[in-house]
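> Numbering of the sequence shown is given in the working numbering, commencing with residue 10 and proceeding in unit increments. Input: one structure, supplied below.
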Amino acid sequence: LPPLRRLGGPERVPAADAGPWWSTPVARSVLLAAGTGVLLAGLELRRPVLLALLVLAGGGAALVALRSVTPAGTLRARRGVPTGVVLRFLLCGAYFGSEAFLPLGLVELRGMSATEAGLGLSAGAIAWVLGAAWQGRADVRWSGRSRAVPIGAGFAVLLVGIVVMALGILVDATPSLTAVAGWAIGGAGMGIAFNAATTDTMEQAPADRQGEASGAMQLAQTLAVAVLSGLGGAAVALSDAHGSSVAAALMATFTLTAVLAGAGGLMARRIRAEAV
Numbered sequence: 010l011p012p013l014r015r016l017g018g019p020e021r022v023p024a025a026d027a028g029p030w031w032s033t034p035v036a037r038s039v040l041l042a043a044g045t046g047v048l049l050a051g052l053e054l055r056r057p058v059l060l061a062l063l064v065l066a067g068g069g070a071a072l073v074a075l076r077s078v079t080p081a082g083t084l085r086a087r088r089g090v091p092t093g094v095v096l097r098f099l100l101c102g103a104y105f106g107s108e109a110f111l112p113l114g115l116v117e118l119r120g121m122s123a124t125e126a127g128l129g130l131s132a133g134a135i136a137w138v139l140g141a142a143w144q145g146r147a148d149v150r151w152s153g154r155s156r157a158v159p160i161g162a163g164f165a166v167l168l169v170g171i172v173v174m175a176l177g178i179l180v181d182a183t184p185s186l187t188a189v190a191g192w193a194i195g196g197a198g199m200g201i202a203f204n205a206a207t208t209d210t211m212e213q214a215p216a217d218r219q220g221e222a223s224g225a226m227q228l229a230q231t232l233a234v235a236v237l238s239g240l241g242g243a244a245v246a247l248s249d250a251h252g253s254s255v256a257a258a259l260m261a262t263f264t265l266t267a268v269l270a271g272a273g274g275l276m277a278r279r280i281r282a283e284a285v
């Protein structure tokens, strides 16, 4: 610990230049958390008017705050680091938003036990590790050039995995293990794209802003998991309230996560500040 004292602390901003308290990063972070909480709470309501009001109010507050706590241009997916943050949101939304409802589909619709459904999750995790290992070796071989290619390929593989998994859960004519195989495919895509996108984003961040870039990507990941889980949970609750099957809710959820994966694949070439 004593050597850490020599590092010094951050430069202090004069009080006159710090701006009002509500514009500080801490205040904006609190607003983001509160807005997201209101949005997620609204999704659990069954009264359409109140649901819409809370979702709009919470979502609006979260977007205002998000603009202040992420790199400039993130909401417009500007080339470079901002796109890297957006890709993290899309990637984690597609992957974790699907993974959260895989056990539900396997147990409720395909009759698997909770243990068997858990093994399906393990298949995705193992494939993620293998995909990341392959991408790491390929990155060394290509000297880090054109990472947009593995990022786009990873999103495409993840999209295929989501589609195959959804078919294995929602179509009775397919073997239930099809869903497990699909999730293994999705995990491989996640491993490829996650590694490549993270490395490229951090390389482009200035040395004195790498902490900001890393924090923004982690924030995007956490937000994606919360929002997609909330949307999926709301779909399940809504289908139950209207007497629909779980299959309808899962179809809507997997359709949304597939769209996120497709959008990420189309956006992959924007990872570099200049066209590649």
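All residues carry an ideal CB built from backbone N, CA and C; glycine is no exception.
1. Taking M276 as part of the alpha helix (DSSP H), name the residues at either end of that continuous run.
2. Can you list, in chain order, the residues of its chain with a C-beta nearer than 8 Å to that of S248? Leave out the 5 residues immediately preceding and following it.
3. Between the region 257 to 275 and the region 106 to 117, do at least 3 Cβ pairs fall closer than 8 Å?
4. Considering only residues of the region 94 to 131, which uninterrupted alpha helix (DSSP H) runs meet the minimum length of 4 residues and lie entirely inside it, listed in chain order?
5. DSSP state of L54, grouped into three classes?
6. Rounding to the nearest angstrom, what Cα-Cα distance links A147 and E108 in this structure?
7. Closer than 6 Å by C-beta to A126: which residues in its own chain qualify, once you throw out the five before and the five after it? Chain order, please.
8. Between which two residues does the alpha helix (DSSP H) holding V234 run?
9. Between the alpha carbons of G18 and L41, how many angstroms are there, rounded?
10. Which residue from A243, A175, I201 puts its Cα closest to that of R97?
11. I need the straight-line Cα distance from A267 to L49, nearest angstrom please.
12. Measuring CB atoms only, is the region 172 to 180 touching the region 227 to 247, in the sense that at least three cross pairs come out at less than 8 Å?
13. For the alpha helix (DSSP H) holding G195, just list the boundary residues, first then last.
Quick answer:
1. To locate residue 276, count along the sequence shown from 1; it is residue 267. 255 to 276 is the extent of the alpha helix (DSSP H) around M276.
2. The count along the sequence shown starts at 1 and reaches residue 248 at position 239. Here the set comprises S254, V255, A257, A258.
3. By the criterion of at least three beta-carbon pairs nearer than 8 Å, the region 257 to 275 is in contact with the region 106 to 117.
4. DSSP runs (the alpha helix (DSSP H)) wholly in the region 94 to 131: 111 to 117.
5. Stepping through the sequence shown from its first residue, residue 54 is reached at position 45. Looking at L54 - three-state DSSP - the assignment turns out to be coil, as it is neither helix nor strand.
6. Translated into the one-based positions of the sequence shown, residue 147 becomes position 138. Translated into the one-based positions of the sequence shown, residue 108 becomes position 99. Roughly 27 Å between the two C-alpha positions.
7. For this step, residue 126 is matched to residue 117 along the sequence shown. Exclusion of the five residues before and after A126 leaves P112, L115, V116 as the residues of its chain whose Cβ lies within less than 6 Å of its Cβ.
8. For this step, residue 234 is matched to residue 225 along the sequence shown. Element bounds for V234: 219 to 250.
9. One-based indexing of the sequence shown puts residue 18 at position 9. One-based indexing of the sequence shown puts residue 41 at position 32. The pLDDT assigned to G18 is 49, lower than 50, so where the model puts this residue is not dependable, and the model offers no usable value.
10. The residue given as residue 97 occupies position 88 in the sequence shown. Checking every option, the nearest Cα to that of R97 belongs to I201.
11. Taking the first residue of the sequence shown as 1, we reach residue 267 at position 258. Taking the first residue of the sequence shown as 1, we reach residue 49 at position 40. Those two C-alpha atoms are separated by around 21 Å.
12. no
13. Position 186 of the sequence shown, counting from 1, holds the residue named residue 195. Run containing G195: 186 to 213, per the alpha helix (DSSP H) assignment.
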